[in-house]
Amino acid sequence: MMILRQFNTENRRLRIWKNRCVAAFVATSLLCINSGCKEEFESTSPSTLSQTEVFDATPLALQALNGVYVRLSSGNLYGKKLSYYLSLNSDTECISGDTDNGRRAIARYVATPYNTELKSVWESIYIAIREANNFIEGVNGSKLLTSANDDRATILGYKGEALTIRALLYYELVRSWGDVPFILDANSDYTSKTNRKEILDHILNDITEAIEWLPATSTTPSRISKDAARSLGARIALYRAGFHMTDDHKSAPSDRNDYIEKAKNWCKEVIDNGHYSLESDYEQIFRKIMSYQNSDEIIFEIAMSKGNSGELGYFVGKKHAEGSPYGSSECGVLVPTSHYHKYNHFDVRRDVSLSVTQYDGSGKEKVVSPNNISIGKFRREWLNPVITGKQKYSGVDLPVIRYADVLLMYAESVTELERTATSEAKEALKEVRKRAFAGAPDSVLTVALDKYIANIRSYEEMTNVIRDERAFEFTAEMIRKFDLKRWGVLQQTLDSCKSDLRKILVSEAPFNDIPDKLVWYVDDDNEHVKIATTDNYRFDPTFDFTRTVKTTKWKTAITEDFINRICEAIEETPYDLPVPEE
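First residue of the sequence shown: 8, per our numbering; consecutive thereafter.
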């Protein structure tokens, strides 16, 4: 039996409007993002508020909306499990540790319907959807809809946010499970599955409606604006155009181009509006994120609460042993060695996104084995202020979509529609790639940027380049696995990843430049390491070969266990997760 029976029981408790009680919403809202409670709200007993009272006053409606947002930050959703357990494994990220019937079984494509981690995510998504449904229903009955003042626009803007949140959650369900129950009525217990295309069509229409009412900009990237909805809509539209929409995952839907056109138009609007831009320094995106600062590149993020939610820097990030001055971390997400070595050695994204070091208990870095390359862009030592000890809830907001993604989605959409490599698509690609080689010698820029892009002449070449660029740009940002699914290449990419790892072991091209061992020492600051080279081509010119050095076995240290754990499915890799059962 599907878990829906159980979450329906929970959702009955969430029908707070019908019971003339909004206590649950209000209690959650007190932890909410970017909003304090109004005096009149604080002085009102939540248990005495009715649906009418809440949605006929914009301050109270805002508190209810904040309750919907806060639900997203839970550990079962974007606080950890939905964002990372379900987005692994791929050729750019993989989960750490021995296989179990929990998160590792999910990541390695061997989860069963009785997986408790799946159950918790599934239930929490539908509970959050129920809260969004409650909110939308409340707005639809508000007398403010007939108001002649700004309250009408305000309450409709709030509805637009709830519609987009619900769309995001259904998109998460579809891209992980395929056909799922589609519930729009706050009181519905309907449990039959709905076709995935029908679900995505509906939520794309919801986003179109939401864009009409949403504000052009928001005060913070954790609140949905018009451009945030357009960007998320473009991502969903490309998924609707993809191979996961067909049963065999090997053919595209017949109406594919309609959705690619929609994605292109939304991306173009975001670009033309000029509200967002690329950070000039790739590293600064993530330093700002880890320092609780806003970046002009972040279009939408999920707000977290320090000490309560958000495990960037703990579950996702470099390993810090207990005793590290930056606090300890779990390092639950690793990187296939092959992905590390596919980066151009002048591409700054490699050493920002990935880390071949970890911290020991004395606060010094050391080089890890090739089976333990970790995520660098969310490293704990960048937290500002520093969080010491065993505190895992950093409260760092989770980036969902960046402007770089809009540029690359635009390049992809144009390429798919025109079926060739256009100057328009090349320009969007170049904008992203140029930053990756910031600071490189002119001779490198000529080859890695100018000639690289000029030599893209066909549809096939442009498609492959865009796909590679997305891999290099968005490591550990919950994107790659689902890109592979919509492109219909998940199985072959996982197989290729395993094959590439075995090529490294025997120095087979294109991995024949990888050293047998890494040579390194702890630098004069007594914290950071210097590594002579990781690829036998580009040596660190500041490396002092006269110093006493340490070595870490590299190329031949890749283990068969690590390779096999990329995907443990015995037969064809399942595209959809099993629906949880009791």
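Beta carbons are placed, not taken as given, at the ideal position from N, Cα and C, and that holds for glycine. These numbers come from a predicted model, not from an experiment.
- Identify the residues that DSSP records as bridge partners of His327: which are they? Within the sequence shown, residue 327 is the residue found at index 320, counting from 1. Per DSSP, Tyr366.
- Query: Can you list, in chain order, the residues of its chain whose CB lies under 8 Å from that of Val146, leaving out five sequence neighbours each side?
  - Reply: Position 139 of the sequence shown, counted from the first residue, corresponds to residue 146. So the list reads Phe62, Ala68, Leu152, Ile162, Leu163, Tyr165, Lys166, Ala169, once near-sequence residues are dropped.
- Task: Name the one or two DSSP bridge partners that Val187 has.
- Result: Taking the first residue of the sequence shown as 1, we reach residue 187 at position 180. DSSP lists Thr201 as partners of Val187.
- Item | Those residues which DSSP pairs with Phe546 across a bridge | For the purposes of this step, residue 546 is taken as the residue at position 539 of the sequence shown. For Phe546, which the question treats as bridged, DSSP gives no partner whatsoever.
- Sequence-distant residues of its chain with Cβ nearer than 6 Å to Leu361 (five each side left out): Counting from one through the sequence shown, the residue named residue 361 turns up at place 354. Around Leu361: Val342, Tyr347, Ile380, Gly383.
- Opening and closing residue of the beta strand (DSSP E) in which Tyr350 lies: Taking the sequence shown and counting its residues from 1, one reaches residue 350 at position 343. Element bounds for Tyr350: n/a, residue is neither H nor E.
- Query: For Ile380, does the three-state DSSP call read helix, strand or coil?
  - Reply: Reading the sequence shown from its first residue, position 373 is the one you call residue 380. When DSSP states are grouped into helix, strand and coil, Ile380 belongs to the coil group.
- Within 10 angstroms of the Cβ of Ser232, are there 16 or more other Cβ atoms? Answer buried if so, exposed if not. As a working mapping, residue 232 is identified with position 225 in the sequence shown. Buried, since its Cβ has 16 or more Cβ neighbours within 10 Å.
- Message: Please report the straight-line C-alpha distance between Ser94 and Leu512, rounded to a whole angstrom.
- Response: For the purposes of this step, residue 94 is identified with residue 87 of the sequence shown, where counting begins at 1. For the purposes of this step, residue 512 is identified with residue 505 of the sequence shown, where counting begins at 1. Their Cα atoms are separated by approximately 27 Å.
- Query: Quick one: any contact between the region 427-440 and the region 368-376, if contact means 3 or more CB pairs under 8 Å?
  - Reply: no
- Note the first and the last residue of the continuous beta strand (DSSP E) segment covering Ile306. Looking up residue 306 in the sequence shown gives position 299. Looking at the DSSP string, the run of the beta strand (DSSP E) that includes Ile306 is 305-309.
- Could you give the distance in angstroms between the alpha-carbon of Thr65 and the alpha-carbon of Gly148? Translated into the one-based positions of the sequence shown, residue 65 becomes position 58. Translated into the one-based positions of the sequence shown, residue 148 becomes position 141. Going by the C-alpha atoms only, they are around 13 Å apart.
- Message: Between the alpha carbons of Asp98 and Arg159, how many angstroms are there, rounded?
- Response: The residue you call residue 98 lines up with position 91 of the sequence shown. The residue you call residue 159 lines up with position 152 of the sequence shown. Cα to Cα, the separation comes out at about 48 Å.
- Message: Just to confirm my understanding: we take Tyr582, look at its own chain, exclude 5 residues before and 5 after, and list those with CB closer than 8 Å. What are they?
- Response: Here residue 582 refers to the residue found at position 575 of the sequence shown. Closer than 8 Å at the Cβ level, and outside the excluded window around Tyr582, lie Gly185, His251, His256, Lys492, Leu497.
- Query: Is it true that the region 443-462 meets the region 275-284, where meeting means three or more beta-carbon pairs spaced less than 8 Å apart?
  - Reply: Taking 8 Å as the limit for Cβ pairs, the verdict is that the region 275-284 does not touch the region 443-462.
- Run of the beta strand (DSSP E) containing Arg409, from where it starts to where it stops: Numbered from its first residue, the sequence shown carries residue 409 at position 402. That run of the beta strand (DSSP E) goes 405-409.
- Message: Please classify Asn351 as buried or exposed, where buried requires at least 16 other C-beta atoms within 10 Å of its C-beta.
- Response: Within the sequence shown, residue 351 is the residue found at index 344, counting from 1. Asn351 comes out buried.
- Task: Could you spell out where the beta strand (DSSP E) holding Ile565 opens and where it closes?
- Result: Translated into the one-based positions of the sequence shown, residue 565 becomes position 558. Taken as a continuous stretch (DSSP letters only), Ile565 belongs to no beta strand (DSSP E), as it is neither H nor E.
- Does DSSP put Leu101 in a helix, in a strand, or in coil? By one-based count along the sequence shown, residue 101 stands at place 94. Strictly speaking, residue 101 in this sequence is Cys, with Leu absent from that position. Correct three-state label for Cys101: strand.
- Task: Take the Cβ of Gly240 as the centre, count every other Cβ of all protein chains shown within 10 Å, and call the residue buried at 16 or more, exposed below.
- Result: Locating residue 240 in the sequence shown gives position 233, counting from the first residue. Gly240 is buried by the Cβ-count criterion.
- Task: With a threshold of 16 other CB atoms inside 10 Å of the CB of Lys88, please say whether the residue is buried or exposed.
- Result: Against the sequence shown, residue 88 aligns to sequence position 81. Classification for Lys88: buried.
- Can you grab the Cα-Cα spacing for the pair Thr580 / Leu501, in whole Å? Counted from its first residue, the sequence shown places residue 580 at position 573. Counted from its first residue, the sequence shown places residue 501 at position 494. Rounded to the nearest angstrom, the two C-alpha atoms are 9 Å apart.
- Message: Measuring straight from C-alpha to C-alpha, what distance separates Glu575 and Lys505?
- Response: In the sequence shown, residue 575 corresponds to position 568, counting from 1. In the sequence shown, residue 505 corresponds to position 498, counting from 1. Cα to Cα, Glu575 sits roughly 11 Å from Lys505.
- Extent of the continuous alpha helix (DSSP H) to which Lys269 belongs: Indexing the sequence shown from 1 puts residue 269 at position 262. Counted as a single uninterrupted DSSP element, the alpha helix (DSSP H) harbouring Lys269 occupies residues 263-280.
- Flag Val439 as yes when its Cβ comes closer than 7 Å to any non-hydrogen atom of the ligand COA, and as no otherwise. This structure lacks the ligand COA; in fact it carries no ligand of any kind.
- Could you have a look at Val536 and say whether DSSP puts it in helix, strand or coil? Stepping through the sequence shown from its first residue, residue 536 is reached at position 529. The answer is strand: DSSP assigns Val536 an E or B state.
- Query: Where does Ala118 land, buried or exposed, given buried means 16+ other C-beta within 10 angstroms?
  - Reply: Within the sequence shown, residue 118 is the residue found at index 111, counting from 1. Looking at its Cβ environment, which holds 16 or more other Cβ atoms inside 10 Å, Ala118 is buried.
- Message: If you reduce the DSSP assignment to three classes, tell me which class Trp561 lands in.
- Response: Numbered from its first residue, the sequence shown carries residue 561 at position 554. Three-state result, Trp561: coil.
- Task: Using the Cα positions of Leu37 and Ala461, report the straight-line distance between them to the nearest angstrom.
- Result: For the purposes of this step, residue 37 is taken as residue 30 along the sequence shown, with counting starting at 1. For the purposes of this step, residue 461 is taken as residue 454 along the sequence shown, with counting starting at 1. Unreliable placement is indicated for Leu37, whose pLDDT of 40 sits below 50; the coordinate value is still reported in the next sentence. Annotation: Leu37 to Ala461 spans about 54 Å, alpha carbon to alpha carbon.
- Query: With DSSP run on the structure shown, which of helix, strand or coil describes Val586?
  - Reply: Residue numbering aside, residue 586 sits at position 579 when the sequence shown is read from its first letter. The answer is coil: DSSP assigns Val586 none of H, G, I, E or B.
- Counted within 10 angstroms of its Cβ, other Cβ atoms place His327 as buried (16 or more) or exposed: Taking the sequence shown and counting its residues from 1, one reaches residue 327 at position 320. Label assigned to His327: buried.
- Taking only runs of the alpha helix (DSSP H) that begin and end inside the region 409-474, which ones reach a length of at least 4 residues, in chain order? Taking 4 residues as the minimum length, the alpha helix (DSSP H) runs contained wholly in the region 409-474 are 410-425, 430-443, 449-452, in order along the chain.
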